[in-house]
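Residue 221 in this note's numbering sits at position 115 of the first sequence; the count goes up by one each step and never skips. Ideal Cβ positions, reconstructed from N, Cα and C, are used throughout, including at glycine.
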Amino acid sequence: MISEDELRRIAAWSNDLTPEEFEEARRGTSIKAYGKGAHVCHVGDRLESWTGVADGLLKMSTTSRSGKSATLAGLRGGAWFGEGTIIKNEARRYDLVALRESKVALMRRQTFFWLFEHSAAFNRFLVHQFNERLAQFIGLAEYDRMLGATGRLARNLAWLFNPILYPNNDRTLTISQEELGLLAGISRQMANQSLAKLAELGLVEVGHNEVTILDLERLARYEG
DNA sequence: GCATTAACAGCCG
DNA sequence: CGGCTGTTAATGC
């Protein structure tokens, strides 16, 4: 069972719940740690839990039959996912890999459905989240073909600052250039050059092991 | 050509 | 020291 403070910290949606609903969510959620490179789940897994990122950085990706891996979303602390799989009682359609030491919150299926049945606030959150992810995945359909390395990096970086998925207003993220490369599907060296280009355009500010977003709109639309 | 790997020096925590 | 960064050289598609 997760502590009240911890749940509030890692789940923005929990603050809209009634006290009774919050207690139920808290009782049905626990924390699990994953090392760098560890798979949180594979394609085809039957996941019994709804999942949130408490600390760290995960990559949600699919692998095509030809063996190419494409990132569907980078997930940092505060992200929640897997509701589609839970609701439809399907197998997972994507892989989930920890890009660094990470802590993951697992909500029991039964608890998820209880909230789904009882909480208007929880349903509002789910609808907004579905909407955002849909928009994100539609963007993905155009993106792989059209964009070069810098464009892919810009998109993946912008995803990590989606204001609906990450309601806190933090503009700075602790992330290495290697991790950004893993997310965008490019080498560390290319990530380095791409970041420099984005910084030159005034879209981001690059620090040691961190990136600050200066213009999220233009970053999300960057096509270079 | 463009991107990737390998390699290395410099820098920071 | 250990991890991250910036750059160059060699290699591959």
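Query                                                                                                                                                                  : Result
Tell me the residue span of the beta strand (DSSP E) that contains Asp-201.                                                                                            : 201–204
Looking only at DSSP bridge pairs, what is Thr-157 linked to?                                                                                                          : Phe-187 and Leu-212
Near Met-107, which residues of its chain fall below 6 Å by C-beta distance, leaving aside the five closest residues on each side in sequence?                         : Arg-133
With a threshold of 6 Å on Cβ separation, who are the neighbours of Thr-135 within its own chain once the five nearest residues in sequence on each side are excluded? : Ile-108, Ala-211 and Met-213
Could you tell me the alpha carbon to alpha carbon distance between Ala-260 and Lys-303, rounded to whole angstroms?                                                   : 10 Å
Please tell me whether Thr-157 and Phe-187 are closer than 7 Å, where the distance is taken between their beta carbons.                                                : yes
Would you call Met-252 buried or exposed, if buried means 16 or more other Cβ atoms sit within 10 Å of its Cβ?                                                         : exposed
Applying the criterion that 16 or more other CB atoms from any shown protein chain within 10 Å of the CB defines a buried residue, is Asp-201 buried or exposed?       : buried
Apply the 10 Å Cβ neighbour rule to Phe-236 and answer buried if 16 or more other Cβ atoms are within range, or exposed otherwise.                                     : exposed
Pick from Asn-315, Ala-297 and Ala-305: whose alpha carbon is nearest that of Thr-325?                                                                                 : First, the residue type needs correcting, since residue 325 is Leu and not Thr in the sequence shown. The candidate whose alpha carbon is nearest that of Leu-325 is Ala-305.
For Phe-228, which residues from the same chain have a beta carbon less than 6 Å from its beta carbon, with the 5 sequence-adjacent residues on both sides left out?   : Leu-221
Compute the beta-carbon to beta-carbon distance between Leu-123 and Ser-225, rounded to the nearest angstrom, for a pair I have assumed lies under 8 Å.                : 6 Å
How is the beta strand (DSSP E) around Gly-313 delimited, first residue to last?                                                                                       : 310–313
Answer with buried or exposed for Leu-178, where buried requires no fewer than 16 other C-beta atoms within 10 angstroms of its C-beta.                                : buried
In three-state DSSP terms, what is Gly-141?                                                                                                                            : coil
Return the first residue and the last residue of the alpha helix (DSSP H) that Leu-325 is part of.                                                                     : 322–327
From Leu-246, Glu-207 and Lys-174, pick the residue whose C-alpha is nearest to that of Leu-164; which is it?                                                          : Glu-207
By alpha-carbon positions, which one of Phe-267, Asp-321, Glu-323 and Phe-219 ends up nearest to Lys-194?                                                              : Phe-219
For the beta strand (DSSP E) that Thr-278 lies in, which residues bound it at each end?                                                                                : 278–280
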